[in-house]
Ligand code: SF4
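In full-length UniProt numbering, the protein residues as written are 1 to 429.
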């Protein structure tokens with residue numbers, strides 16, 4: 001965890017909805033998040049839990065029929081606060097600015113400079129008809145123009161050298177895709193930074209000449225072009241094989257150590273979370289249901305969903321154990337199908353009568369940084385109040401418990417014990 005605990009981003013009460021023909025989909029509901037400068041914050045959950053919509057909401061990438069319907073996204077940037085205070089005083093709180101209350105034009109200018117995003121599928125993120133070097137140089141050029149434009153907020157925040165001549169050329173000749181020599185050189189140094197061998201030659205190659213891992217590195221280079229305050233990595237290793245996954249995680253780790261970069265990491269993989277993150281938010285059905293430090297969530301978790309996720313991690317040390325899938329499916333999030341109950345209740349092995357009203361988020365006992373949206377944070381499980389198994393109808397059970405690979409020399413262990421951070425590949429610290 002970073003030594004400073006200065007918040008870089010505070011998300012408060014964020015709700016993002018999609019208005020579809022089938023009805024209103026509540027993809028993200030009343031979500032709170034705090035990301036400290038220099039930290040890696042992980043959001044983990046199954047597909048359809050709202051992780052990527054959260055990231056896209058922060059990046060202002062929600063498109064119709066989607067809409068951020070309520071909430072605040074406070075970003076710490078003193079220069080931006082000073083620049084917008086006169087016209088948008090209500091959007092400023094000290095050095096924080098509420099991104100949802102400033103003009104679209106200003107918000108857009110923060111993409112790539114203040115916030116960058118790397119996506120799951122690098123192949124669809126590059127233009128196949130331009131070389132990787134050209135595309136990177138263009139990304140650098142855009143940031144350099146932003147820095148050089150005397151009217152931009154960024155010009156006041158960066159002292160980067162960019163000649164007035166280059167700026168004038170770039171604005172007069174946009175159709176010529178003017179890219180300065182400095183931007184080309186910076187593109188090559190970015191390729192070198194992310195570990196692309198022979199970056200000068202590689203810069204002249206097209207995306208199809210790169211392997212999946214190399215392209216993912218190039219996408220990280222592109223995201224770093226604007227030296228963003230926050231890098232959002234949405235499932236950055238999902239499309240890669242395990243060896244390349246490890247290399248990309250090493251690279252992100254190294255970049256974090258070298259640059260002090262803040263990262264929001266979105267993944268369904270608890271092993272990735274255990275390895276990379278300082279803090280974690282477990283997301284289910286559009287809500288963060290448990291959050292805290294890595295140790296809080298892995299070793300002292302309260303929410304049955306967190307327990308279920310951890311229980312489904314294969315344990316290579318104990319070959320022959322059983323993986324326990326969580327029965328049922330993530331709910332549709334259609335407004336008309338969401339009752340006012342705990343959203344996990346139909347899958348929860350500890351559902352009680354108390355869970356039929358929507359639980360608020362409360363601090364876990366004795367902690368002000370470990371919060372849980374579950375009645376078990378305040379009371380013990382009471383079997384006499386348990387809901388009958390068929391209360392919500394017959395659950396759609398995807399599978400029986402799955403046997404882990406069994407080694408010849410090890411007997412089948414007794415029932416799995418409480419999963420821990422160490423199980424997930426973390427160091428337990
Ligand atoms: S509130 Fe009840 S149903 Fe929901 S996760 Fe907690 S125990 Fe399970």
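Cβ coordinates follow ideal geometry from the N, Cα and C atoms, glycine included.
Classify residue 100 as helix, strand or coil using the three-state DSSP reduction. In the structure shown, residue 100 falls within a helical segment according to DSSP collapsed to helix, strand and coil.
Could you spell out the range, first to last residue, of the alpha helix (DSSP H) harbouring residue 257?
-> Residues 242-259.
Can you determine whether any heavy atom of ligand 1 sits closer than 7 Å to the C-beta of residue 370, and answer yes or no?
Incorrect: residue 370 has no Cβ contact closer than 7 Å to ligand 1.
- Item | For residue 390, the three-state DSSP class (helix, strand or coil) | DSSP, reduced to helix, strand and coil, places residue 390 outside both helices and strands of the structure shown, so it counts as coil.
Quick check on the DSSP output: the beta strand (DSSP E) that includes residue 43 runs from which residue to which?
Start and end: 40-44.
Closer than 7 Å to a non-hydrogen atom of ligand 1 - does that hold for the CB of residue 91?
Incorrect: residue 91 has no Cβ contact closer than 7 Å to ligand 1.
For residue 248, which residues of its own chain have a beta-carbon under 8 Å away from its beta-carbon, when the five flanking residues on both sides are left out?
Cβ neighbours of residue 248 beyond the five flanking positions: 213, 216, 217, 220, 236, 237 and 240.
| query | Does residue 55 get closer than 8 Å to chain C when you measure Cβ to Cβ? | reply | Structure shown: chain C not included; a single protein chain is present.
### Task
Enumerate, from N- to C-terminal direction, the unbroken beta strand (DSSP E) stretches of 3 or more residues contained entirely within the segment 60-97.
Runs found: 66-76.
(Q) Less than 8 Å between the C-beta atoms of residue 377 and residue 362, yes or no? (A) The beta carbons of residue 377 and residue 362 sit closer together than 8 Å.
Original post:
If you pair each beta-carbon of the segment 51-59 with each one of the segment 351-369, do three or more pairs fall below 8 Å?
Top reply: The segment 51-59 is not in contact with the segment 351-369.
For residue 18 versus residue 94, is the C-beta spacing smaller than 8 Å? Against a cut-off of 8 Å, the Cβ pair of residue 94 and residue 18 comes out as no contact.
Checklist entry - In three-state terms, what does DSSP make of residue 381? => result Assigned with DSSP and collapsed to three states, residue 381 falls in coil, not helix or strand.
Q) What did DSSP end up calling residue 202 once you bin it into helix, strand or coil? A) In the three-state scheme derived from DSSP, where H, G and I count as helix and E and B as strand, residue 202 is classed as helix.
Shorter than 7 Å, the distance from the beta carbon of residue 359 to the closest heavy atom of ligand 1, or not?
Taking 7 Å as the cut-off, one finds at least one heavy atom of ligand 1 near enough to the beta carbon of residue 359.
Margin query: Check whether the segment 38-46 and the segment 263-277 are in contact - that is, three or more C-beta pairs closer than 8 Å.
Written below: Output reads yes: the segment 263-277 touches the segment 38-46.
Distance, residue 307 Cα to residue 324 Cα: Rounded to the nearest angstrom, the two C-alpha atoms are 10 Å apart.
* Check the DSSP bridge columns for residue 111 and list the partner residues they point to. => Within the DSSP secondary-structure output, residue 111 pairs in a beta bridge with 115.
When we look at the beta-carbon of residue 246 and count the other beta-carbons within 10 Å, is it buried (16 or more) or exposed?
Exposed, since its Cβ has fewer than 16 Cβ neighbours within 10 Å.
Taking the continuous beta strand (DSSP E) assigned at residue 25, which residues delimit it?
-> Residue 25 -> beta strand (DSSP E) spans 23-36.
*Pick helix, strand or coil for residue 234, following the three-state DSSP scheme.*
Reduced to three states, the DSSP call for residue 234 is strand.
Note to self: DSSP three-state label for residue 363, please.
What the structure shows: Note: residue 363 maps to strand in three-state DSSP.
### Message
Nearer than 7 Å: is that true of the beta carbon of residue 376 relative to any heavy atom of ligand 1?
### Response
Yes - ligand 1 has a heavy atom lying nearer than 7 Å to the Cβ of residue 376.
Notebook entry, point to check: What are the boundary residues of the alpha helix (DSSP H) that residue 52 is part of?
Noted result: Its alpha helix (DSSP H) spans residues 51-58.
Residue 187: first and last residue of the uninterrupted beta strand (DSSP E) it sits in: Note, residue 187: premise wrong, no beta strand (DSSP E); alpha helix (DSSP H) at 181-193.
Let me know if residue 127 comes out buried or exposed under the rule of 16 or more other beta-carbons within 10 Å of its beta-carbon.
Exposed, because fewer than 16 other Cβ atoms sit within 10 Å of the Cβ of residue 127.
Check your understanding: Quick one: is residue 480 buried, meaning 16 or more other Cβ sit within 10 Å of its Cβ, or exposed?
Key -> Lying before the first or after the last residue shown, residue 480 is absent from the chain, which here runs from 1 to 429.
- prompt: For residue 372, which three-state DSSP category applies?
  reply: Residue 372: strand per DSSP, three-state reduction.
- request: Excluding the 5 residues preceding and the 5 following residue 205 in the sequence, name in chain order all residues of the same chain whose CB lies nearer than 7 Å to its CB.
  value: Closer than 7 Å at the Cβ level, and outside the excluded window around residue 205, lie 131 and 132.
Could you spell out the range, first to last residue, of the alpha helix (DSSP H) harbouring residue 271?
-> Looking at the DSSP string, the run of the alpha helix (DSSP H) that includes residue 271 is 270-276.
Requested in this report: Could you spell out where the alpha helix (DSSP H) holding residue 298 opens and where it closes?
Outcome: Start and end: 294-299.
Provide the residue span of the alpha helix (DSSP H) that contains residue 347, from first to last. That residue, residue 347, is in no alpha helix (DSSP H); it is neither H nor E in DSSP.
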